[in-house]
Amino acid sequence: AYSPSEDAVHAQAAKMLAAFESHWRGLGLDKLEAAIKKQAVVEAPKKHKKKRAMFNKVVAIEGGGENKPGLYFVLHYIPDMEWCHLCEMRQVGVFPDTYKNGNHHAMAGRACWMLAPEGEGEELDVSA
481 AYSPSEDAVH AQAAKMLAAF ESHWRGLGLD KLEAAIKKQA VVEAPKKHKK KRAMFNKVVA
541 IEGGGENKPG LYFVLHYIPD MEWCHLCEMR QVGVFPDTYK NGNHHAMAGR ACWMLAPEGE
601 GEELDVSA
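So the sequence shown is numbered by our numbering: it starts at 481 and just counts up by one.
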């Protein structure tokens with residue numbers, strides 16, 4: 481459905497676009513824009529390492545020393561504050577060589593850990 485009035489509108493729009501492009505080139509902004517894009521590519525900011533969520537994780541404390549146990553469970557984690565409430569874990573034995581049915585145990589010989597009973601274990605508030 482062709483309409484002569486639409487043709488006039490398109491012709492006027494083409495004139496306005498040509499005038500704008502001419503004015504833009506006259507200002508030299510196209511060169512400035514290209515220079516800015518080139519500089520942005522050269523000076524691209526380094527991506528920050530994404531922080532890992534600490535929900536339901538088992539962690540070790542850096543610099544804990546010999547008087548601190550090896551592992552803690554993250555009981556509460558607040559991501560925006562990067563804060564954790566940790567509960568002590570204790571070793572309760574090692575995994576057996578085989579299951580009760582005689583099949584080889586994949587975790588054979590590795591330590592078994594569990595949360596320390598409430599009131600007995602140490603609880604810490606630390607930054608993540």
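Beta carbons are placed, not taken as given, at the ideal position from N, Cα and C, and that holds for glycine.
Extent of the continuous beta strand (DSSP E) to which residue i belongs
i: A591; result: A591 to L595
DSSP three-state assignment for residue i, whether helix, strand or coil
i: A542; result: In the sequence as presented, Ala is not what sits at residue 542; that position holds Glu. It is coil, neither helix nor strand.
i: D624; result: Look at the range of the chain in this structure, 481 to 608, and you will see that residue 624 is not part of it.
i: G573; result: strand
Counterpart residues of residue i in DSSP-defined beta bridges
i: F553; result: V538 and C567
i: H585; result: None; H585 has no bridge partner.
i: I558; result: W563
Buried or exposed (CB count within 10 angstroms, at least 16 for buried), residue i
i: C592; result: exposed
i: M561; result: exposed
i: L566; result: buried
Residue i and residue j closer than 7 angstroms at C-beta
i: H585; j: P597; result: no
i: E568; j: G599; result: no
i: V539; j: Y557; result: no
i: A608; j: M534; result: yes
i: V574; j: G550; result: no
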